[in-house]
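In the UniProt record's numbering, the protein residues as written are 1 to 582.
The beta carbon of each residue, even a glycine, is placed where N, CA and C say it ideally should be.
Below is one structure; the comments refer to it alone.
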């Protein structure tokens, strides 16, 4: 080798070495920047928690004879009555719930932010004495805008970007006298039903600390289930209110989409039209959900967001006591219910029949095609590009890694895997195929048209059977950790009603028995594939955990849905004590 060649080789080696060192250094620098951003966010949250603790302590010192603990045991109906009568003061109620929320958060890690403006709000609370929620502290999901506070959605790129104004729902609730006092944790990106993200960590289940609380409104369900909030707001695009409500033993309601204004509800994937999102209430009992809906469905909301149909709450429909004609199905053909899910459904059906209601078999048509071609394909119509873009530049939470891994596969890899898996695991192959999304705007329009036809098909079958409402199983019991991201297939019972845009609510009706647990050894599933086997592992060890059912009605009949939920609550012994918390 000539001297010149040696010099060139040495130069190239030096350049390569320098490049590697530079890239490594830049990666390290980026990592350090990310860690500092996370640390700042956690420090802000911890400072807020400390400030709240100090505020509660000062209140106790100024009111030494006042016992706050009985306040948090009151159901919402009694609480509002006592506040309005003057036997309870709003400041005592707020500090009682702030104290309890801090205690629950230490155990469950369910808070992302304490809204200390709530204490200042007390000074003007008397001007809202006529409000339906006068003096009631409420919690709100992280992604619901509150002026001056982040809506992180569990992703780094939304940190340090505080909302410039309150969301419509927060504005309306404040005018109704409610006092938002805390924001609650969510999964990374919101599109997962285990509540964990790299910023604030994992929220656990108040009924069993070794189980997930569900998601994406998991922090809300955990806080309410643990007794740290009496009323909260969540969002639901695939079961995100109902799943955590079911897992944590509380009630949750997904209204018809756009019945409640979505202005100010943040997301990592806006614009999805195939499966629609809703804001809805979460509480310990159905009457609390109805009260929240009455408060929200007012002239203030219709004025602040004129795109919302001006339909006030129909109290007469909600209070109707006529016997109902109830459709039902136990197995949707996509996910065989767990033994406890099936028993909860069967027992509820029997109790409704004994109460004089008519039960009629009904089954959503073409669930296999619907799940793949309409729901999954519609939710990732862009091939999940938008969601993945929000996860760049920071760590991916372990709970979502299994879910997003196939999203990032190149198109041809998904096609090859689809061909390989189709003869063995046809359901998994079908999902991989639709993860590529749609190929064109024309194909997206075609899909939307097919979904419209499907919705009308379901409604036509509903009308033919002259149904009032529908009863069906609810996913449960609460999973062991790390399974939610692997089991998006289990969402068929919940996400169907986001596709149909039917109002639907969850009511806890029983708890898992030892017999339910034993029957898991005989569970085979509808397909006998990997997902069915994983589902058994996910729900194992659930003895004592709450199990719920779902109540459904046609679009814009939200009050009828709530009336049906109240009927289920009344006939089921589990929730007779409406104040029960884990």
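Sorting 125, 294, 227 by C-alpha distance to the C-alpha of residue 106 places 227 at the top.
Excluding its 5 nearest sequence neighbours in each direction, residue 181 has C-beta neighbours in its own chain below 8 Å: 94, 97, 98, 101, 114, 115, 118, 137, 138, 139, listed in chain order.
In this structure the stretch 144-158 touches the stretch 193-201; the number of beta carbon pairs closer than 8 Å is three or more.
Judged by DSSP secondary structure, residue 325 falls within the beta strand (DSSP E) whose first and last residues are 325-328. Secondary structure at residue 520: helix, using DSSP grouped into helix, strand and coil. Within the same chain, 168, 169, 172, 260, 261, 308 come within 8 Å of residue 301 by CB-CB distance, once the 5 residues on both sides are set aside. With respect to the 8 Å criterion, residue 454 and residue 374 are classified as neighbours on the basis of their beta carbons. When the alpha-carbon of residue 149 is set against those of 112, 548, 238, 491, the nearest one is in 112. Out of 352, 264, 250, the CA that lies nearest to the CA of residue 166 is found in 264. By the neighbour-count criterion, in which 16 or more other beta carbons inside 10 Å mark a residue as buried, residue 460 falls on the exposed side. Ranked by how close their Cα comes to the Cα of residue 267, the residues 512, 501, 142 have 142 in first place.
Just so you know, the alpha carbons of residue 75 and residue 243 end up roughly 22 Å apart. Under the 10 Å beta carbon count, residue 405 is surrounded by fewer than 16 other beta carbons and is classified as exposed. About 16 Å separates the beta carbons of residue 536 and residue 473, which is beyond the 8 Å limit, so they are not a contact pair. Close CB contacts of residue 532 within its chain, under the 6 Å cut and outside five residues either way in sequence, are with 525 (chain order).
Here residue 348 has 471, 509, 549, 568, 572 as same chain residues with Cβ atoms under 7 Å from its own Cβ, once five neighbours each way along the sequence are excluded.
Look at residue 428 here: in three-state DSSP terms it is helix.
Rounded to whole angstroms, the separation of the alpha carbons of residue 50 and residue 385 is 39 Å. The beta strand (DSSP E) runs lying completely inside the stretch 425-492 and spanning 3 residues or more are 469-473, given in chain order. Listed as beta-bridge partners of residue 550 by DSSP are 472, 506. Residue environment: residue 400 is assigned as buried (16 or more neighbouring CB atoms within 10 Å of its CB, all protein chains considered).
Looking at 396, 179, 208, the one whose alpha-carbon comes closest to that of residue 35 is 396. Cβ-Cβ separation between residue 492 and residue 371: approximately 6 Å, consistent with a contact (criterion under 8 Å). Counting along the chain, residue 173 sits inside the alpha helix (DSSP H) bounded by residues 168-175.
Shown here, residue 395 sits in coil according to DSSP, grouped into three states, outside any helix or strand. Taking every protein chain shown into account, the CB of residue 412 has fewer than 16 other CB atoms within 10 angstroms, so this residue is exposed. DSSP places residue 262 outside any beta strand (DSSP E), giving it a letter other than H or E. Runs of alpha helix (DSSP H) with 4 or more residues, each lying fully within the stretch 228-279, are found at 242-248, listed in chain order. DSSP, read as helix, strand or coil, puts residue 196 in strand. Under a 10 Å Cβ-count criterion, residue 109 is classified as buried, with 16 or more other Cβ atoms of the shown protein chains found around its own Cβ.
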